[in-house]
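So the sequence shown is numbered by my numbering: it starts at -12 and just counts up by one.
Backbone N, C-alpha and C fix where the C-beta goes; we use that ideal spot for every residue, glycine too.
No experiment lies behind these values; they were computed from the predicted model shown.
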Amino acid sequence: MSTLGSHIRGAATLALALLIFSLQDIAVKWIGGSYNVLEIVLIRSLVALPCTFLFLRLEGRRGLPTTTRPVLEYARGLLLFVSFTTYMMGLAALPLAEMAAIRNSGPLMITLLSVLWLGEQVGPRRWLALGVGFLGVLLIVQPGSAAFNPGALYALLATLTYALSVMVTRRLQTTDSSATMAYFSSLVYLGAAVALGPLSAVVGEQPGADASLAFLFRAWTVPTLLDAGVMAGLGLVWAGGMYFVARAYSLAPASVVAPFEYTALLISVMWGLLLWNEVPTWLTIIGASLTVGSGLYVLYRERRQKSRAPQADDLAPREDPVATG
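Put into structure tokens, the structure is as follows:
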């Protein structure tokens, strides 16, 4: 296969993965008004956990995965659990386009944390790009204005905890495989959902609460057969999406494929328009443009820096895709 052909296939495969992942957003917005978010996480995790054994088989391993760094594994799983749960809470209150635009600040947060936590060197140009990107986020969130939506805070928390999980993943990658990390994160999802399940019964539903908090404290109910199938399908969506993301990064270098992750924004805008008649505001469009543009510039600078370094590894600017919980 030619280099150009493999690059095109890698980009197309990533776009397919992002389209599959977008089904999760549709499902959550569809059924989120009737169920508790932890109930959805629990059922999703019951399906996702067995899928991690498929990843183990793909790595040529059998039996239960083990780790020499359990504290890091469980910390990473907890960060991903918080990220996934608050992401769904944000979805309950925000249009898909705004949610995707805020999520696109993830690479910027990862770069910032790489400097603060890992001590990586970032030049003035990338600092400027980071500033422009976060200005874009502020335009979308609009803190302190009448248009501010509390769901944006959960979207930001989801993005921040995901970025923190990437930092932990970078430490674990030297000792633990992708499937091992996927197994432990799914295990934490399941345990945390069970442990926090009684929260809605203790606190009770909150009349007048915003859509995100209502999603957290809503009473658990027995789902219909269709809705239970949708919740279980979230686990299959995760497994399918993770497979195609991993496949995309194996077909082409990360420096070629990674910029296409921003097509998730276009997909979210498409679903929002088609299914909920959600038209992005001008501030959302401008903010998303600044965030995406700065993120692409950061990727460009990283690519140039790696091309100058002899025998530099071509790593994705995100965590190991199969290891994502």
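Skipping 5 residues on each side, what residues in its chain have a beta carbon closer than 7 Å to that of residue i?
i    : result
I30  : A215, M218 and A219
L262 : I13
P308 : For P308, the predicted model reports a pLDDT of 44, less than 50, meaning its position is unreliable; a value from the coordinates is still stated below. These residues qualify, in order along the chain: M229, V232, A233 and Y236.
V190 : F204
L302 : A caution first: L302 carries a pLDDT of 33, below 50, which makes its placement in the model too unreliable to give a value.
Y141 : T73, M76, G77 and S199
T271 : A84, E85, A88 and I127
T146 : I89, R90, S92, G93 and M96
M257 : none
V124 : I89, S92, G274 and T278
S132 : none
E265 : P82, L83, A84 and G259
L122 : L277
P57  : none
Less than 8 Å separating the beta-carbons of residue i and residue j?
i     : j    : result
G222  : I127 : no
A87   : S255 : yes
P94   : G282 : yes
M96   : S199 : no
T156  : S70  : no
T278  : G110 : no
S187  : N23  : yes
F202  : A79  : yes
L151  : L117 : no
S172  : G64  : yes
L43   : V224 : no
T54   : D163 : yes
L25   : G138 : no
R113  : V285 : yes
T0    : A169 : no
H(-6) : V243 : yes
A167  : P52  : Before going further, note that residue 167 is Thr rather than Ala in the sequence given. Cβ atoms of T167 and P52: closer than 8 Å.
A206  : E192 : yes
In three-state DSSP terms, what is residue i?
i    : result
R305 : Reliability of the predicted coordinates at R305 is poor, the pLDDT of 43 falling under 50, and the value obtained from them is presented with this limitation in mind. Looking at R305 - three-state DSSP - the assignment turns out to be coil, as it is neither helix nor strand.
L126 : helix
P297 : Confidence at P297 is low in this model, with a pLDDT of 47, below 50, so the placement of that residue should be treated as unreliable; the coordinate-derived value is given next. DSSP places P297 in coil when its eight states are reduced to three.
Q193 : coil
Q108 : coil
T278 : helix
T0   : helix
D209 : Here residue 209 turns out to be Val, not Asp, going by the sequence shown. Reduced to three states, the DSSP call for V209 is coil.
A310 : Confidence is the limiting factor: at A310 the pLDDT is only 47, short of 50, which leaves the residue's position unreliable, though a coordinate-based value still follows. It is helical.
V266 : coil
S92  : coil
In chain order, what residues of the same chain have a beta carbon less than 6 Å from the beta carbon of residue i, not counting five sequence neighbours either side?
i     : result
G(-8) : none
Q298  : In this predicted model, Q298 has a pLDDT of only 42, less than 50, meaning its place in the structure is not dependable enough to derive any value.
F68   : V175, Y176 and A179
R(-4) : L238
L144  : T73
E60   : T54 and F171
L107  : The sequence given here has Glu at residue 107, not Leu. If we look at E107 and ignore the five residues flanking it on each side, its Cβ neighbours are S101.
W104  : M154
Excluding five sequence neighbours on each side, which residues of the same chain lie with their C-beta closer than 8 Å to the C-beta of residue i?
i    : result
L177 : L29, S32, L33 and L36
R305 : For R305, the predicted model reports a pLDDT of 43, less than 50, meaning its position is unreliable and no value from the coordinates is stated.
L6   : I254
L41  : A226
A251 : L5, F8, S9, A87, R90 and N91
F135 : V128 and Q129
L66  : T148, Y149, L151, S152 and V155
I27  : V15, I18, G19, M75, M218 and L221
At a Cβ threshold of 8 Å, is residue i touching chain D?
i    : result
S242 : Structure shown: chain D not included; a single protein chain is present.
Only counting runs of 4 or more residues, tell me where the alpha helix (DSSP H) segments fall wholly within the segment 121 to 184, in order along the chain.
-> Counting whole runs of 4 or more residues, the segment 121 to 184 contains the alpha helix (DSSP H) stretches 138 to 159 and 165 to 183.
Just list the alpha helix (DSSP H) runs in the segment 10 to 80, keeping only unbroken ones of 4 residues or longer that don't cross its boundaries, in chain order.
-> Taking only runs of at least 4 residues, the alpha helix (DSSP H) segments lying wholly in the segment 10 to 80 are 24 to 45 and 57 to 80.
Completely contained alpha helix (DSSP H) runs for the segment 201 to 255, where each covers 4 or more residues | DSSP runs (the alpha helix (DSSP H)) wholly in the segment 201 to 255: 212 to 238 and 241 to 244.
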